[in-house]
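Notes follow once the structure below has been shown.
Below is the structure:
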């Protein structure tokens with residue numbers, strides 16, 4: 003798995019396997035009210051597409 007992240011200074015940082023392991027699900031971090039704003043599954047989205 004590979005990925006990139008733009009830090010606060012605008013620099014692109016490579017994500018390591020350790021970074022991915024430390025990523026927490028939104029459910030454990032965001033308040034319930036904010037989680038309810040976004041559809042959870044593809045079938046709950048109006049056109050079935052992924053959010054941008």
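Numbering (the working numbering), first residue to last: 3 to 54.
Yeah, the Cβ is synthetic: ideal placement off N, Cα and C, and Gly gets one too.
Just so it is clear, the structure is predicted and the values come from calculations on it, not from any experiment.
Tell me which residues share the same chain as residue i and place their Cβ nearer than 8 Å to its Cβ, disregarding the 5 neighbours each side in the sequence.
| i | result |
| --- | --- |
| residue 14 | 6, 7, 8 |
Taking the beta strand (DSSP E) that residue i belongs to, which residues open and close that run?
| i | result |
| --- | --- |
| residue 6 | 5–8 |
| residue 14 | 14–17 |
Nearest to residue i by CA position, among the options, is which residue?
| i | options | result |
| --- | --- | --- |
| residue 29 | 40, 21, 19, 23 | 40 |
| residue 27 | 37, 11, 19 | 37 |
DSSP on residue i, reduced to helix/strand/coil?
| i | result |
| --- | --- |
| residue 11 | coil |
| residue 38 | coil |
| residue 26 | coil |
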